[in-house]
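Single-structure report; data block below.
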Amino acid sequence: MAGTRGRTSKTKKATAAPKKKVTKTKQKKNEVEDKENEAPQKPYKRSPLLDLFQTEEECVEELTHYLKERNNKEGKQELEEHLQVLNQSEITRIFTSLLNRLTNTEEDEENPSAFLRSYQSIATFTLAFLKNEKRVAPSSVKNVAQLLHDNIFRLQEDWMTDSDAKLNTEVNTTVNLFSCVSECWWSQNRPQREHLTPQTVSYLLFRAADLKSKANDVTRLYNLREALSLFDLDDESSLGIRKLLLKCYMLPVVLKSTKGKALLSYLFSISPMFIEEIHEMIRSQLPHCRKSIQKIYGEIYLEAWKEAEGATLIKIEHSCIQELMSLGIHTADNNASEACRSILSVFHKNKNVNGIDEMLHRLYAPILWRALRVANPLVRRNATCVLVDAFPLQDPTASAADIDEGMQKQFTLLQELLYDDSVAVRAAMIHGVSRVLMVWWELIPEASVRVLLTHLLGKLAHDKSSPVVRAAVLEGVTYMLENHMSHQILRALLPNIADLINDSCETVRLAFVELLHTIKNIKSIKFYEVIEPEQLIARLQKEKSVVAKKISSLLINSFCPYNQPTSVLIKRCLALIRSSPTSAMSFYNQAVEVLPVSVISKISAAIYRFVTMNKHFFASGEEEMEVTPSEGVCLMEISAILFHTIRVQLDTEENGPFLRFMEEVFTDDSLLDVIVYVDGCDLPPAEKSRVNVSLFSIASQLSSDSLPKFTRYVLSHVQKSTERTKKDQTENKPELLSAMRCLFEWGETRKMMNMINGYLGRMNEAASGLDGNARSKQSVSAMSKAVAAATSALSLLDVVMCDETCRTHMMSDDDGVHVGNVMGNLQGCLVMIEGRLAGREVPDVDVDDVVVDCVKYYCKLITHLSASSGMEKNEALLGLVEWTKDVVAPAVADVSDHSEEVIEEEQTKGKRKRTTASLSAALAETPLACRVAHIVVVTLCDIVALQLCGAEELMVAVNDIVRPFMTCRDARFLRAFVPNVFRLVFHTYSLRSAEEAGNLFSFMMSHIPEVIYNEAQDPQVLRLNELLQTLANQNEAVVFVSKLLPMIDTIMPEAEEQEDEAGVKLVDFDQLPSKGRYIFSSICRSAGSVSALADSMSQALIERNYDSMAMENAVKIAYLVVDAQQEQHREGEENRPTKRADLSSLCNPLITIVAKIPNHSVDVRKQNLKKYANRIMKSVLRSNQKESNSMEKS
1 MAGTRGRTSK
11 TKKATAAPKK
21 KVTKTKQKKN
31 EVEDKENEAP
41 QKPYKRSPLL
51 DLFQTEEECV
61 EELTHYLKER
71 NNKEGKQELE
81 EHLQVLNQSE
91 ITRIFTSLLN
101 RLTNTEEDEE
111 NPSAFLRSYQ
121 SIATFTLAFL
131 KNEKRVAPSS
141 VKNVAQLLHD
151 NIFRLQEDWM
161 TDSDAKLNTE
171 VNTTVNLFSC
181 VSECWWSQNR
191 PQREHLTPQT
201 VSYLLFRAAD
211 LKSKANDVTR
221 LYNLREALSL
231 FDLDDESSLG
241 IRKLLLKCYM
251 LPVVLKSTKG
261 KALLSYLFSI
271 SPMFIEEIHE
281 MIRSQLPHCR
291 KSIQKIYGEI
301 YLEAWKEAEG
311 ATLIKIEHSC
321 IQELMSLGIH
331 TADNNASEAC
341 RSILSVFHKN
351 KNVNGIDEML
361 HRLYAPILWR
371 ALRVANPLVR
381 RNATCVLVDA
391 FPLQDPTASA
401 ADIDEGMQKQ
411 FTLLQELLYD
421 DSVAVRAAMI
431 HGVSRVLMVW
441 WELIPEASVR
451 VLLTHLLGKL
461 AHDKSSPVVR
471 AAVLEGVTYM
481 LENHMSHQIL
491 RALLPNIADL
501 INDSCETVRL
511 AFVELLHTIK
521 NIKSIKFYEV
531 IEPEQLIARL
541 QKEKSVVAKK
551 ISSLLINSFC
561 PYNQPTSVLI
571 KRCLALIRSS
581 PTSAMSFYNQ
591 AVEVLPVSVI
601 SKISAAIYRF
611 VTMNKHFFAS
621 GEEEMEVTPS
631 EGVCLMEISA
641 ILFHTIRVQL
651 DTEENGPFLR
661 FMEEVFTDDS
671 LLDVIVYVDG
681 CDLPPAEKSR
691 VNVSLFSIAS
701 QLSSDSLPKF
711 TRYVLSHVQK
721 STERTKKDQT
731 ENKPELLSAM
741 RCLFEWGETR
751 KMMNMINGYL
761 GRMNEAASGL
771 DGNARSKQSV
781 SAMSKAVAAA
791 TSALSLLDVV
801 MCDETCRTHM
811 MSDDDGVHVG
821 NVMGNLQGCL
831 VMIEGRLAGR
841 EVPDVDVDDV
851 VVDCVKYYCK
861 LITHLSASSG
871 MEKNEALLGL
881 VEWTKDVVAP
891 AVADVSDHSE
901 EVIEEEQTKG
911 KRKRTTASLS
921 AALAETPLAC
931 RVAHIVVVTL
941 CDIVALQLCG
951 AEELMVAVND
961 IVRPFMTCRD
971 ARFLRAFVPN
981 VFRLVFHTYS
991 LRSAEEAGNL
1001 FSFMMSHIPE
1011 VIYNEAQDPQ
1021 VLRLNELLQT
1031 LANQNEAVVF
1041 VSKLLPMIDT
1051 IMPEAEEQED
1061 EAGVKLVDFD
1071 QLPSKGRYIF
1081 SSICRSAGSV
1091 SALADSMSQA
1101 LIERNYDSMA
1111 MENAVKIAYL
1121 VVDAQQEQHR
1131 EGEENRPTKR
1141 ADLSSLCNPL
1151 ITIVAKIPNH
1161 SVDVRKQNLK
1171 KYANRIMKSV
1181 LRSNQKESNS
1191 MEKS
């Protein structure tokens, strides 16, 4: 081969420069070497590859074996050496043999694996040959490459199967090698390379679109990008290629790689018509893609614009960029608008690129300035955001006067839009002005800066119409402070907004505190120059959210200088207590969010030591520190708070030393010494209780093994608390809770539960010892003591049930044995209820309150057991239902039989509103049976709400308890019972028992006696409006409102009706009976309920085919809803203003009715019906307009 190249070179060079003798000498030397190479006596000069192709039938097998032995780095180098010594005729002979073998593969196809390996060997050998770009490829090589290219898709179609994964892998490997041959031929710019691209490009597109594709696949496609110009993308035959190319704009692997973005930008230059399809594809992705992808789209547009020219440039500017501008401003979809601005922001941030400033100014001109003054506030807001993002818009090629005029126009717009009527526009412009000032501060005249800041920090910071505007000002100022040039001017203006710390909106307060945090990190401004620390302290006591944490973090160095001596820590702590004790508690409770465990443990220990060393100030003020007893109490509480906040962290290995340190400080003797000393001081009981709570809290963080004396003290303290009166127990409940939590944390659950069970057992023993109606002194005394003991047990049980820590220990200890004992004792108390309900009296002892409390806690335990047991069937609930059905329901029925006189007496009282206090008083007068029934129903509501029972248990409970109770005619019972049934209806529906809930609702509404409606003109009493509103929020109110329509149909004929000259019967709201007034007053309070009623009316009209009676009923119902709302509004004007619900949904069925009645109908009745429908719709519109005006004024 070298000899051949040499002879060719000689001919060319001899023609060009025959006078160079040196060239002739070298040429002769090369000819001699060639002859020596061809001589048979020197076989080592002959390429071993020729031996592989001695027979055409076996050449491929020999080649496969040859390549397999050289499948490493050294082997590939040897192959290259063997290829170098081949001359053109040898190369032609080798590839001709391979070509002939490729065209005769019928026999090989019977063995797929061998067939594919043969193809792989040929492709690998061809790639090795083409690796050297300078190596001349004869036509036989081109023919082999062409044949491989043509088989890319045929091979996949013939051999790919769903059943043989191994074969599929072999096929993919083979096809990939075919593609690599074509790619190599293209990249080396060899002759006729365009013939090797159609299937290769398609294959690489499919490969890039695969979910398993990698960046290298995208790079390979990018390297063939110029081949895409060979396709006529405007022709229908290229539809498949166009779809694959457009799909690339959705593929993350393409979008996130550098070559991929370059490829996508290049596609804009292929065809101006194809640009529209690309843009449509990108636009369809905008509302759903992430911001990072939107930025990538912007970069693609930018690169395409930079490389475009002529018709392509015009197309990109007007069909893509300007269309995005218009869409970003005029679309109502906020996500789409933000996406468009995100793409355009890439252009805005690259104004240093030549021509972008002019292009933006030219394309925005016909869109932006007009959009800033349109009536639609959403468009103005979008345009405002665009103006700020693109600021300043100017044409560098214009004259200086034109540029100045354009800038002044933009500044004027900035000031005008700060006071736009729309809150959203004002907030957007506030953010925008802040951004403009931060970025362009040094280029904007100082006078203009001061004008804008005066607007922001003067009027807009105190905009009463919207907290969004006030928060936007604070966020904008925080952003401006990033520019150090703003600090001098803002330092003087910031104190004007200090009052925003007390803003009614938490968002504004949080933004203000965030601003203070930013100022804290600026050396030239001190945050206490902006706002007095006293204001922050005063605010701290009112905050319980993230604002409190931020304020505490701001003040931490002032009141908690942990790098200072202990005396300084104490003085700062006392200063904060004297300023505001509540704020001090909140501050130290948040300290754990800022300070490390080591510091908090040090402060807690320091405060506790100070208190123990100077505990005499509990009796009188300490001279040096001048500490009052109340301040000493606060110090002890703060020490306990700090210890509690880090207790969980102290359990970690790294904080072990600090836990041991705390155990050395809070010793058994010191805790007992303080609590005994305080008990002997002349402190108010409330302050003594606070000290005890603090000490109990500290002790609960430690092990009981280290506090034996204090443990005995706490146990005796709990026992003594049971001897107090019920009033004292209530007043000292926090202290008792802290002591009991302490015992439960120490593992004394058994002792506590034994104490409770012991007290309850006395009640059962006394009850079983009663003999009929015996009134002996002994029985009375025993029962009195038993009632007192049961009261103590129930007070302890109340504490346990109300506290999550205690309740968890109780429920989990000894696998629930103790809870079972409590349940057993409470069940014993239920026996006494059965006797009381049967009419048996307890001699001279009032036990009703105690037994009712027993039922209450028994039901609570059932609820908690249901939550923790995980039973498929709620046996506890079924047992309660069975007991209620057998014992309570008959007693309630007996009460109902004797309550007719009560109902008549209530009816004579007339209509009057019931307040919560009057309801509570009525409940206190309720008979024992009704009180017990009420507790059971409340429990049932809780269990259903928490989904602790299935549909079977629920239906049993409803049929055995709720329905019988609803037949009770005792008003005293129903006043409290009916609201809970409304709750039960909703929770039943939430369990997806829609039919049962609807039936229960209908049954209840039909059985509520009139006396209850008389008392419930305010629907808050029976909560029907709450039920309907809750269901309306979930679009489920139609189910229940439709149940009301039959009731309305029966109520309306009972009302006093008046007949007009056309014979249409009208019913006013005040003419309805009590039940009707109650139903309509409930519906008209909720827009969702009104909408549900309108839907039900429309459905009824359709079902009755719009007959005259159906249309008349619909008009009358709509009239009653409007009249009910007007009546409520009149009452509200006399008492307090009431907000009107939106009744516009009523217009839907009325519009249909009007449309169904012809304008020239001879039926006078229908014409008048049409007239009334129009009047009602006008009334609804007037009502909505009045409500809108009222809201604007407020």
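FYI, my numbering numbers position 363 of the sequence shown as 363, with every residue one higher than the one before it. Beta carbons are placed, not taken as given, at the ideal position from N, Cα and C, and that holds for glycine. None of these values were measured; they are calculated from a predicted model.
State the start and end residues of the unbroken alpha helix (DSSP H) segment that holds residue i.
i: G1088; result: A1087 to E1103
i: M359; result: I356 to A371
i: R690; result: P685 to S700
i: E446; result: E446 to T454
i: L245; result: L239 to K247
i: F661; result: G656 to V665
i: Q590; result: P581 to Q590
i: A165; result: A165 to S187
i: T219; result: A215 to N223
i: R509; result: E506 to K520
i: W305; result: K291 to E307
i: E882; result: E875 to W883
i: Q120; result: P112 to L130
Near residue i, which residues of its chain fall below 7 Å by C-beta distance, leaving aside the five closest residues on each side in sequence?
i: S700; result: R741, C742 and E745
Below 8 Å CB to CB, which residues in the same chain sit around residue i once its five sequence neighbours on both sides are set aside?
i: R1195; result: With the chain covering only 1 through 1194, there is no way to say anything about residue 1195.
i: R362; result: D395
i: T174; result: L116, Y119, Q120, A123 and L155
Between the Cα of residue i and those of the options, spot the shortest distance and give me the residue it belongs to.
i: G761; options: R1165, E735 and N825; result: N825
i: T1250; options: T478, I577, A336 and Y588; result: An answer regarding residue 1250 cannot be provided, because it is not within the stretch 1 to 1194 covered by the chain.
i: G298; options: I282, T312, S630 and S1089; result: I282
i: T967; options: D503, A893, M1111 and A945; result: A893
i: E534; options: A584, Y562, K549 and V568; result: A584
i: D803; options: S738, Y119, L877 and R1165; result: S738
i: R370; options: D1142, D421, T808 and V386; result: V386
i: S182; options: L211, K142 and L167; result: K142
By the three-class DSSP mapping on this structure, what secondary structure does residue i have?
i: R1182; result: helix
i: K526; result: coil
i: E543; result: coil
i: F347; result: helix
i: G406; result: helix
i: D232; result: coil
i: F153; result: helix
i: F391; result: coil
i: P1073; result: coil
i: L794; result: helix
i: Y419; result: coil
i: V944; result: helix
i: A137; result: coil
i: Q827; result: helix
Compute the beta-carbon to beta-carbon distance between residue i and residue j, rounded to the nearest angstrom, for a pair I have assumed lies under 8 Å.
i: I556; j: A591; result: 7 Å
i: C248; j: H279; result: Their Cβ separation, rounded to whole angstroms, is 14 Å, which puts C248 and H279 out of contact at 8 Å.
i: L569; j: P561; result: 7 Å
Looking only at its own chain, which residues have a Cβ that is under 6 Å from the Cβ of residue i, when we skip the five neighbours before and after it?
i: K885; result: D960
i: A128; result: L79
Return yes when at least one heavy atom of the ligand NAD lies under 7 Å from the C-beta of residue i, else no.
i: D1163; result: The model depicted lacks the ligand NAD and carries no ligand whatsoever.
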